[in-house]
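In UniProt numbering, the protein residues as written are 1 to 544.
A virtual CB, placed ideally from N, CA and C, is assigned to each residue, including glycine.
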Amino acid sequence: MGSASSVYRVIYLDVDGRIQKVVFSRFCSPCDIKELFCTALGLPRNTNISLLDVNGAMVSIDPTMPRNSERSPYRVVPLTGGLLAEELLFRGDPVCSVGKDKEELFQNVLSQVAEQFSRAFKINELKTEVTNRLAMLEKRVELEGLKVVEIEKCRSDIKKLREEMASRNNSSFLDDNKKLMPRRDVPSYTKYRLSLQTIDALRKPAFDIWLWESNEEIVETLKNPIFNVWQYEHHEMLSCLEHMYHDLGLVKDFNINPITLKRWLLCIHDNYRNNPFHNFRHCFCVTQMMYSMIYLCSLQEKFTQVDILILMTAAVCHDLDHPGYNNTYQINARTELAVRYNDISPLENHHCAVAFQIFSQPECNIFSNFDPEPFKQIRQGTITLILATDMARHGEILDSFRQKVDSFDFTNEEHVTCLKMVLIKCCDISNEVRPMEVAEPWVDCLLEEYFMQSDREKLEGLPVAPFMDREKVTKPTAQIGFIKFVLIPMFETVMKLFPQIEEVMVQPLRESRDRYEELKQIDDAMNEVQKKKSENLTVGGKKK
Numbered sequence: 001m002g003s004a005s006s007v008y009r010v011i012y013l014d015v016d017g018r019i020q021k022v023v024f025s026r027f028c029s030p031c032d033i034k035e036l037f038c039t040a041l042g043l044p045r046n047t048n049i050s051l052l053d054v055n056g057a058m059v060s061i062d063p064t065m066p067r068n069s070e071r072s073p074y075r076v077v078p079l080t081g082g083l084l085a086e087e088l089l090f091r092g093d094p095v096c097s098v099g100k101d102k103e104e105l106f107q108n109v110l111s112q113v114a115e116q117f118s119r120a121f122k123i124n125e126l127k128t129e130v131t132n133r134l135a136m137l138e139k140r141v142e143l144e145g146l147k148v149v150e151i152e153k154c155r156s157d158i159k160k161l162r163e164e165m166a167s168r169n170n171s172s173f174l175d176d177n178k179k180l181m182p183r184r185d186v187p188s189y190t191k192y193r194l195s196l197q198t199i200d201a202l203r204k205p206a207f208d209i210w211l212w213e214s215n216e217e218i219v220e221t222l223k224n225p226i227f228n229v230w231q232y233e234h235h236e237m238l239s240c241l242e243h244m245y246h247d248l249g250l251v252k253d254f255n256i257n258p259i260t261l262k263r264w265l266l267c268i269h270d271n272y273r274n275n276p277f278h279n280f281r282h283c284f285c286v287t288q289m290m291y292s293m294i295y296l297c298s299l300q301e302k303f304t305q306v307d308i309l310i311l312m313t314a315a316v317c318h319d320l321d322h323p324g325y326n327n328t329y330q331i332n333a334r335t336e337l338a339v340r341y342n343d344i345s346p347l348e349n350h351h352c353a354v355a356f357q358i359f360s361q362p363e364c365n366i367f368s369n370f371d372p373e374p375f376k377q378i379r380q381g382t383i384t385l386i387l388a389t390d391m392a393r394h395g396e397i398l399d400s401f402r403q404k405v406d407s408f409d410f411t412n413e414e415h416v417t418c419l420k421m422v423l424i425k426c427c428d429i430s431n432e433v434r435p436m437e438v439a440e441p442w443v444d445c446l447l448e449e450y451f452m453q454s455d456r457e458k459l460e461g462l463p464v465a466p467f468m469d470r471e472k473v474t475k476p477t478a479q480i481g482f483i484k485f486v487l488i489p490m491f492e493t494v495m496k497l498f499p500q501i502e503e504v505m506v507q508p509l510r511e512s513r514d515r516y517e518e519l520k521q522i523d524d525a526m527n528e529v530q531k532k533k534s535e536n537l538t539v540g541g542k543k544k
C-alpha cells in the first residue's frame, strides 16, 4: 500500500495575508479543487478563479499541481469582469496592464504546458518500471516452471534407463562368433546395481524416497564420529549425503540445482563397485567423517565455502570405480591404468578422471552455475585432495604439514591446501576412530579385499605383501603397526591445530591400539601353548 503522502496533496493559499492550508485527494477532479479553494476564500463555489504563484505565474488547478510551502503560498484571484487586471495593478505585481501582460501570460501558459509534458514523461518512466518488474516476475514464473520440466526430464531419463536395462537383460551381449577376452585391470565381479526398492522409489516424482524427514537424533549424530554407518541402507546414505550439502549451505550459496544434486549422487553411487572395502559405504563413511570434522573443528569459520565444497566433493569422489586391487598390483601387473598414468598414483588419477567424466554430463554437473575460473579452482582443488589419498605419499604430506603446523596461517593458501590434504587423509583412514562395534567390521572387509588381491598375485606370479597374505597376517598384527605408526602420529599432529579432536578422535585411537595389543598377547600365548603341545606330541611319538 502507498503512504498517505502519496494519496493526499497539501496546498497553501494566501487569503488576505493569512495562510490557509488546503488538503485534497489526488483523485479529486479540477472542478472539486476549484470549489474547495472558493470555499477557503469565502467565495461562491461557482466563482471562476485563477491561481498565481509568488512570481505571478498562473498555476493550473488540477490534482497534479505543483506542491508549495507556507513560505510560498498561492494567491487565488476571482475572474469576475476585469477584476484580474485591477487586482494585479492594485497589488503592485510585475504585471502592470492587461495589454502588457499578454506576452507574459503566454509564457506562463507555455511553462504550464511544459510542466504537464514533464509529468507525462514521469508517467512513462513509471510505466517502464512497472514493465520491467512484470518482466522479472514472468522470468521467475518461467524458472519455477523449469523445475517442473527438470523433474519430468528426470523421470523420462529413468524410464529410458529402465527400458535399456530390461532390453539388455533379455539379449546376449556377445555374438556367437565373438569371445570375451579377460582384462587384467577389470576384476571378474559384478558392479553394484540399484536395489529394486530404490528403482521403484525413483519412479515417483522428484525422488520422494530422498525427501529428508527431520529427525533431530539422526541429524545431530551425523555430525559425530561415532555415527554407525552399518545401520543404514544405500538410499538412506544417499539422503544423508544430500542433507550434508544442504546443511552446510553449499546448495544455497552456489545455486546448485537440487535435482541435479540428486542425479549426481545417484551417478556417484552407481560408479562405486561392490568391493568388500572400497565401495559406496566406504565413500559415505569418509564423507560423513569429513562432515563431522567440519563441525568439530569449526572449519566454516576458518575456510571459505569454496574450500568446504572442495573438501566434501573430494571425499565423495575419492575412490570412484576402485577395482579392489591397489596401486602395487596395478604397477606390478602392468595394468591399463598403470600404463596410462605412468605408474604414478594410477588409482587416484583414475578416481579423478571418473569424477570429472561424471561432471561432464550436464544432468549431473552440480558446478554448472560456476564461471570458468571458479570451476577451474574447484577442479584443481578436488584433484589435489584425491591424489593426496595415495598412501605412497603419506610421509611426504605429513612432513610438510608438520613444518607448517606450529606457525600455521589460515590466510596462507599453501598452508590451507596442505591442511585440506591432511584432513582428507585423516577421513580416508579414520575407521579406528569409531566405536569398536563400528570399526571392527571394516577390518574384516579390508582383510577380505587384501586376501583377494594376494590370492590373485600368487596365481599370476607377482610379489605378495606380507600384510596382505592370508597365511601370515592376523587382525591384531594388521592393525597395531598401522594405528601406532600411521594413524596416531597423523591425528596427534592435527590435534596441535585443533585440540578439540583429542577426546573424540585421538583417545579412541589409543584405546584401539591397546585393545589390539592385548589381543596379540592372547594370540601369542595361545600359539605358544599350541607349539608346546605339538612338540610334546612329537617327542611322545619318538619314544614309542
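(1) Does the stretch 441 to 456 come close enough to the stretch 315 to 331 that 3 or more CB-CB pairs lie under 8 Å?
(2) Flag this pair as touching only if the stretch 289 to 305 and the stretch 216 to 228 have three or more C-beta atom pairs under 8 Å; answer yes or no.
(3) Mapping the DSSP letters down to three states, classify Ser50 as helix, strand or coil.
(4) Can the beta-carbon of Phe241 be found less than 8 Å from the beta-carbon of Val316?
(5) Please name the residue in Ile310, Arg273, Phe408, Asp399 whose C-alpha comes closest to that of Lys496.
(6) Taking only the alpha-carbon atoms, compute the straight-line gap between Ile522 and Val504 and give it to the nearest angstrom.
(7) Going straight from the alpha carbon of residue 556 to that of Pro508, what length do you get?
(8) Comparing alpha-carbon positions, which option in Cys28, Val251, Gly42 lies nearest Asp16?
(9) To the nearest angstrom, how far is the alpha carbon of Pro276 from that of His282?
(10) Is it buried or exposed, Cys426, if we count other Cβ atoms within 10 angstroms and call 16 or more buried?
(11) Which residue marks the beginning of the alpha helix (DSSP H) containing Lys252, and which one marks its end?
(12) On the CB-based measure, 16 or more other CB atoms within 10 Å of its CB, does Ile11 come out buried or exposed?
(13) Pick out the complete alpha helix (DSSP H) segments inside the stretch 477 to 514, 4 residues or longer, and give them in chain order.
(14) Identify, in the order they occur along the chain, each residue of the same chain with its Cβ nearer than 6 Å to the Cβ of Trp442, setting aside the five sequence neighbours on each side.
(15) Looking at C-beta atoms only, is the number of pairs between the stretch 249 to 258 and the stretch 369 to 381 that lie closer than 8 Å three or more?
(16) Are Leu385 and Ile310 close, meaning C-beta to C-beta below 8 Å?
(17) For Lys420, does the three-state DSSP call read helix, strand or coil?
(18) Any idea which residues DSSP pairs Lys21 with across the strands?
(19) Quick one: Cα of Ser454 to Cα of Asp524, how far?
(20) Decide if Gly381 is buried, meaning its Cβ has at least 16 other Cβ atoms within 10 Å, or exposed.
(21) Here's a check: name, in chain order, each residue in its chain whose Cβ is nearer than 7 Å to the Cβ of Lys458, leaving out the five neighbours to either side.
(22) To which residues does DSSP link Val76 through a beta bridge?
(23) Taking all protein chains shown into account, decide if Met290 is buried (16 or more other Cβ within 10 angstroms of its Cβ) or exposed.
(24) Going along the chain, which unbroken runs of the alpha helix (DSSP H) with 4 or more residues stay wholly within the stretch 425 to 474?
(25) Determine the direct distance from the alpha carbon of Gln20 to that of Thr39, and round the result to whole angstroms.
(26) Where does Met58 fall in DSSP's three states?
(27) For Thr389 and Asp428, which I take to be in contact (beta-carbon distance under 8 Å), what is that distance rounded to the nearest angstrom?
(28) Would the beta-carbon of Val422 fall within 8 Å of that of Met526?
(29) In its own chain, which residues sit with a C-beta less than 8 Å from the C-beta of Thr417, not counting the 5 before and 5 after it?
(30) Taking only runs of the alpha helix (DSSP H) that begin and end inside the stretch 212 to 249, which ones reach a length of at least 4 residues, in chain order?
(31) Taking the alpha carbon of Leu487 as the reference point, which residue from Glu460, Lys153, Leu398 has its own alpha carbon closest?
(32) Take Asn108 as the anchor and find which of Leu137, Pro73, Met136, Val59 has the nearest alpha-carbon.
(33) For Pro66, count neighbouring C-beta atoms within 10 Å of its own C-beta (all shown protein chains included) and say buried if the count is 16 or more, exposed if not.
(34) Under 8 Å by Cβ, that's how I've got Phe24 and Leu36 pegged, so tell me the actual separation to the nearest angstrom.
(35) With DSSP collapsed to three states, give me the class of Ser368.
(36) Output yes or no for whether 8 Å exceeds the beta carbon distance between Val229 and Phe284.
Inspection of the coordinates gives the following:
(1) yes
(2) yes
(3) strand
(4) Note on residue identity: the sequence assigns Leu, not Phe, to residue 241. A contact, by the Cβ cut-off of 8 Å.
(5) Phe408
(6) 28 Å
(7) The first residue shown for the chain is 1 and the last is 544, placing residue 556 beyond what the model contains.
(8) Gly42
(9) 10 Å
(10) buried
(11) 250 to 253
(12) buried
(13) 488 to 497
(14) Asn431
(15) yes
(16) yes
(17) helix
(18) Tyr12
(19) 24 Å
(20) buried
(21) Val464
(22) Leu51
(23) buried
(24) 436 to 460
(25) 11 Å
(26) strand
(27) 5 Å
(28) no
(29) Gly381, Thr384
(30) 216 to 221, 234 to 247
(31) Leu398
(32) Val59
(33) exposed
(34) 6 Å
(35) coil
(36) yes
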